[in-house]
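Per UniProt numbering, residue 1 is the first one in the sequence shown, and the count goes up by one each step. Down below is the structure, laid out as structure tokens.
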Amino acid sequence: MTQIARKGVLGNKNSDGYKPHRIPNALKVIHGQTNPSLEVVMMTNDSQLEETISESKVEDIAGITCLYIPVKNVYESVKWYEKNLRCEPTSNNPVVPGMGISIMRFPDHNGQISEAGLRSTVPALFLITAKEASYNGERPAIACFTTPRIQEMFNRFKENGVNIVTEIPEDRPCGPNFSFCDPDGNLFELWQP
Numbered sequence: 001m002t003q004i005a006r007k008g009v010l011g012n013k014n015s016d017g018y019k020p021h022r023i024p025n026a027l028k029v030i031h032g033q034t035n036p037s038l039e040v041v042m043m044t045n046d047s048q049l050e051e052t053i054s055e056s057k058v059e060d061i062a063g064i065t066c067l068y069i070p071v072k073n074v075y076e077s078v079k080w081y082e083k084n085l086r087c088e089p090t091s092n093n094p095v096v097p098g099m100g101i102s103i104m105r106f107p108d109h110n111g112q113i114s115e116a117g118l119r120s121t122v123p124a125l126f127l128i129t130a131k132e133a134s135y136n137g138e139r140p141a142i143a144c145f146t147t148p149r150i151q152e153m154f155n156r157f158k159e160n161g162v163n164i165v166t167e168i169p170e171d172r173p174c175g176p177n178f179s180f181c182d183p184d185g186n187l188f189e190l191w192q193p
């Protein structure tokens, strides 16, 4: 490239005349951007460089993390679910006669038990005795949905007049959650891992 031609293309371009319009994903990661829902677009205007961040739509509900199953006898139910559905109790609740709750998880194709999270594909089963299930005098929740937007969902539910049963607790170790009812009184939980 001649010196005169080079002079005309320099400025916002590199020495070969290349002007990027998008930042490659590798550079986004190098600079600490790990959220795949954000797209950074570079636009040049002669002497000015602007970054526009456009957020793509993130789903409200990412999955179902658990199903609550009221049972008469948790100990006997654990044995039944292990034998028939091949799920395993977590180490949080020792399997002993008279137990009131057990969290059952399903192993993946490699036999590994995954932790609860935003993208869990198979929900855990919470086996609860009727006594434990009605600790607040209400029916137990049917299921717990996961979301990356708990506060936004809570605010929307309030605006829409949804029957919110519990507020979002502060400093909950396993992540914020709240309970709500549908129009028929079915109780659900919403959790952000």
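Think of the CB as a built atom: it goes at the ideal place given N, C-alpha and C, for glycine as much as any other residue.
Of all C-beta pairs linking the stretch 79-86 to the stretch 159-175, fewer than three are shorter than 8 Å, placing the two stretches out of contact. In terms of Cβ geometry, I142 and N186 form a close pair [threshold 7 Å].
Within its own chain, the residues whose Cβ lies closer than 8 Å to the Cβ of F188, once the five positions on either side in sequence are excluded, are A141, I142, A143, C144, F145, S179, F180, C181, D182, listed in chain order.
In the DSSP assignment, E88 forms a beta bridge with R105.
For E152, the enclosing alpha helix (DSSP H) covers residues 150-159. Boundaries of the beta strand (DSSP E) around C66: 63-71.
P123 is a Cβ neighbour of T65, given a cutoff of 7 Å. Here E167 carries a coil assignment [DSSP, helix/strand/coil].
Between I128 and I101 a beta carbon distance of about 5 Å is seen, short of the 8 Å cut, so the two are scored as contacting. Take V95, set aside five residues on each side of it, and the residues of its chain with a beta-carbon closer than 6 Å to its own are V78, P89, in chain order. In summary, A116 is buried, with 16 or more beta-carbon neighbours lying within 10 Å of its beta-carbon over all protein chains present. Ranked by how close their Cα comes to the Cα of N73, the residues I164, V162, P97 have P97 in first place.
Under the DSSP assignment, T146 falls in the beta strand (DSSP E) whose first and last residues are 143-146. S179 carries a strand assignment under DSSP once its states are collapsed to helix, strand and coil. Burial is judged here by how many other beta carbons sit within 10 angstroms of a residue's own beta carbon; R156 has fewer than 16 and is exposed. Excluding its 5 nearest sequence neighbours in each direction, V162 has C-beta neighbours in its own chain below 7 Å: F180, listed in chain order.
Straight-line measurement puts the Cα of C87 at about 10 Å from the Cα of I103.
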